[in-house]
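Enquirer:
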């Protein structure tokens, strides 16, 4: 069995869940041209059966699968695997993409897609995933404390003022890491998304902000920690102190 992040030649492994052979071939060739290893699953059930042995670094999931809804597959993957998740969809309804982000997807690409954009999105997700600190080894993980909360950057756990511990998704943890590292500063949406160029209609960061507010704020509709600065970005209004593990 391979360890996550390892293939025979050291390439990152991308699992593609797509029932259209033509689309799958285009994606596999595009990723191979940029030194990614790929494995193709034709259905959600096949992906789930192969997941324990594959241990992919990232999964690209088409929402329109023959045996299950792609959102359901994504939810099940998020419960059992730390891999990055990129939604691939031809559905025009923005609610599907928003729902995918709500469930923990890292990003999405619309069909028809530009191959270079797909590669850029894959690289962006993997880069953010690698930048996130892993579990503490010999040393102690850094812990950010703010407003009674404790956030362990080493293992992405968040402990509430009441002592309730919760494991954040990768995208939630990445966003909170940016906030605790830059308290009381207005951050533009691009900064919060790792400098990715955003269109005026891109709601990715807004969805992630909403998810994080529901975890941190007593009243998410009237936030006191994550403030919206209209026309400028977002402000994490808190005093942050740091400690070891």
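In the UniProt record's numbering, the protein residues as written are 1 to 245.
Glycine included, every Cβ here is placed at the ideal spot set by N, Cα and C.
(1) Reducing DSSP to helix, strand and coil, say where residue 106 ends up.
(2) Considering Cα atoms alone, identify which of 216, 204, 162, 42 is closest to residue 22.
(3) Considering residue 13, what are the terminal residues of the beta strand (DSSP E) in which it resides?
(4) Can you give me the start and stop residues for the beta strand (DSSP E) that residue 158 sits inside?
(5) Do residue 62 and residue 89 have their C-beta atoms closer together than 8 Å?
(6) Cα separation between residue 176 and residue 212?
(7) By DSSP, does residue 49 sit in helix, in strand, or in coil?
(8) Just checking my contact of residue 107 with residue 125 at CB under 8 Å: how many whole Å lie between their CB atoms?
(9) Whose C-beta lies closer than 6 Å to the C-beta of residue 13 among residues of the same chain, with five residues either side of it excluded?
(10) So residue 186 and residue 209 are in contact, right, with Cβ under 8 Å, and what is the actual spacing, rounded?
(11) Per DSSP, what are the beta-bridge partners of residue 62 in this structure?
(12) Alpha carbon to alpha carbon, how far is residue 127 from residue 164?
(13) Using three-state DSSP, classify residue 239 as helix, strand or coil.
(14) Is the distance from the Cβ of residue 236 to the Cβ of residue 152 below 8 Å?
(15) How would you call residue 197, buried or exposed, if buried means at least 16 neighbouring beta carbons within 10 angstroms?
Expert: On the basis of the coordinates in this document:
(1) coil
(2) Nearest of 216, 204, 162, 42 to residue 22, Cα basis: 42.
(3) 13 to 17
(4) Where residue 158 is concerned, the enclosing beta strand (DSSP E) stretches over 157 to 159.
(5) With contacts defined as CB atoms closer than 8 Å, residue 62 and residue 89 qualify as a contacting pair.
(6) 8 Å
(7) helix
(8) 6 Å
(9) 7, 37, 56, 57
(10) Contact flag wrong, Cβ pair sits at about 14 Å.
(11) 88
(12) Residue 127 and residue 164: Cα-Cα distance of roughly 30 Å.
(13) In this structure, DSSP gives residue 239 a state outside helix and strand, which the three-state scheme calls coil.
(14) no
(15) Note that residue 197 scores 46 on pLDDT, short of 50, meaning its location in the model is unreliable; the coordinates nonetheless yield the value given after this. When all chains shown are included, residue 197 counts as exposed.
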